[in-house]
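Trainee:
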Amino acid sequence: MPPLVRGVAYCHANDVTQHMDVKLMLSVFIPSSERCVSRCRYLLSFALINIIFSILVGALLYLSFVILAILFTILLHYLVINLNCQRFRDSGFEYIKFYVWGTLVIYIASFVIMVAEDFACDGFGMPLFLIWYFATFSLLLLAPPDSNSLNK
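This is how it looks when you write it as structure tokens:
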């Protein structure tokens with residue numbers, strides 16, 4: 029299968045530099061659907077995922093279920109990364125693993141900065157996260173479809 033269909037975990041047979049643990053970590057973010065994600069479908073999916081999980085996490089925090097709120101927040105970001113990987117794949121982007129690594133680095137860096145700043149909303153961690161989150165969303169919303177996928 030070509031690399032765009034298999035997603036993140038695709039590697040050449042002679043590529044011995046990529047270790048099994050890295051392959052396993054990246055395989056978690058393989059786009060789960062082979063169906064093409066159009067701009068409209070991406071916009072609606074992104075909005076629904078964020079609205080549903082915002083309400084759910086807000087309700088869990090109101091009811092003082094902090095551990096469940098953290099787990100659902102992690103699930104939210106997994107779904108958003110997976111949706112973005114599908115959109116990248118359908119736009120013809122071949123190096124999806126760089127997006128996954130970059131996103132994980134930004135998420136971890138912004139979390140560390142937020143902890144260092146005592147979770148101050150006017151610090152640098154929250155804007156860094158939000159800029160990455162919505163810049164990626166805007167980029168993928170405007171990304172054209174891959175010309176190869178139109179010929180199928």
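So the sequence shown is numbered by this note's numbering: it starts at 29 and just counts up by one. Cβ coordinates follow ideal geometry from the N, Cα and C atoms, glycine included. All of these numbers come straight from a predicted model, not from anything done at the bench.
#1: So, using beta-carbon positions, are residue 115 and residue 168 closer together than 9 Å?
#2: Assuming contact is defined by CB atoms lying nearer than 9 Å, are residue 190 and residue 130 in contact in what I supplied?
#3: In three-state DSSP terms, what is residue 31?
#4: Distance check for residue 154 and residue 85, CA to CA, integer angstroms please.
#5: Quick one: Cα of residue 32 to Cα of residue 120, how far?
#6: Would residue 144 and residue 156 be called neighbours here (beta carbons separated by less than 9 Å)?
#7: Span of the alpha helix (DSSP H) holding residue 103?
#8: Do you know whose CA, among 161, 111, 118, lies nearest residue 173's CA?
#9: When the Cα of residue 108 is compared with those of 74, 98, 82, which residue comes out closest?
#10: By a C-beta neighbour count over all protein chains shown, 10 Å radius and 16 as the cutoff for buried, is residue 99 buried or exposed?
#11: Distance, Cα to Cα, residue 133 vs residue 106?
#12: Just to confirm, are residue 112 and residue 147 a CB contact at a threshold of 9 Å?
#13: Are the beta-carbon atoms belonging to residue 81 and residue 96 less than 9 Å from one another?
#14: What are the start and end residues of each continuous alpha helix (DSSP H) run of 4 or more residues lying completely inside the segment 131-171, in chain order?
#15: Please name the residue in 135, 66, 122 whose C-alpha comes closest to that of residue 102.
Mentor: Looking at the coordinates:
#1: Counted from its first residue, the sequence shown places residue 115 at position 87. Counted from its first residue, the sequence shown places residue 168 at position 140. Their beta carbons are under 9 Å apart, which means residue 115 touches residue 168 by this criterion.
#2: Nothing in the structure corresponds to residue 190, since the chain is present only between 29 and 180.
#3: Indexing the sequence shown from 1 puts residue 31 at position 3. With a pLDDT of only 46 at residue 31, under the threshold of 50, the placement of this residue in the model should not be trusted, and no figure is reported.
#4: In the sequence shown, counting from the first residue as 1, residue 85 sits at position 57. In the sequence shown, counting from the first residue as 1, residue 154 sits at position 126. The C-alpha of residue 85 lies about 18 Å from the C-alpha of residue 154.
#5: Stepping through the sequence shown from its first residue, residue 32 is reached at position 4. Stepping through the sequence shown from its first residue, residue 120 is reached at position 92. Because the pLDDT at residue 32 is just 45, under 50, the model does not fix this residue reliably, and the value given afterwards should be weighed accordingly. Distance between the alpha carbons of residue 32 and residue 120: 7 Å.
#6: For the purposes of this step, residue 144 is taken as residue 116 along the sequence shown, with counting starting at 1. For the purposes of this step, residue 156 is taken as residue 128 along the sequence shown, with counting starting at 1. If you check the CB distance, residue 144 and residue 156 do not come in under 9 Å.
#7: Here the question's residue 103 lines up with position 75 in the sequence shown. Boundaries of the alpha helix (DSSP H) around residue 103: 94-118.
#8: Reading the sequence shown from its first residue, position 145 is the one you call residue 173. Cα-wise, what sits closest to residue 173 is 118.
#9: Residue numbering aside, residue 108 sits at position 80 when the sequence shown is read from its first letter. Measuring from the Cα of residue 108, the nearest candidate turns out to be 74.
#10: The residue given as residue 99 occupies position 71 in the sequence shown. Counting Cβ neighbours within 10 Å, residue 99 comes out exposed, since fewer than 16 surround it.
#11: By one-based count along the sequence shown, residue 133 stands at place 105. By one-based count along the sequence shown, residue 106 stands at place 78. So the alpha carbons of these two residues sit roughly 14 Å apart.
#12: Along the sequence shown, one-based indexing puts residue 112 at 84. Along the sequence shown, one-based indexing puts residue 147 at 119. In terms of Cβ geometry, residue 112 and residue 147 do not form a close pair [threshold 9 Å].
#13: The residue labelled residue 81 in the question sits at position 53 within the sequence shown. The residue labelled residue 96 in the question sits at position 68 within the sequence shown. Against a cut-off of 9 Å, the Cβ pair of residue 96 and residue 81 comes out as no contact.
#14: Whole alpha helix (DSSP H) segments, 4+ residues: 153-170.
#15: Here residue 102 refers to the residue found at position 74 when the sequence shown is read from its first residue. Among 135, 66, 122, the Cα nearest to that of residue 102 belongs to 135.
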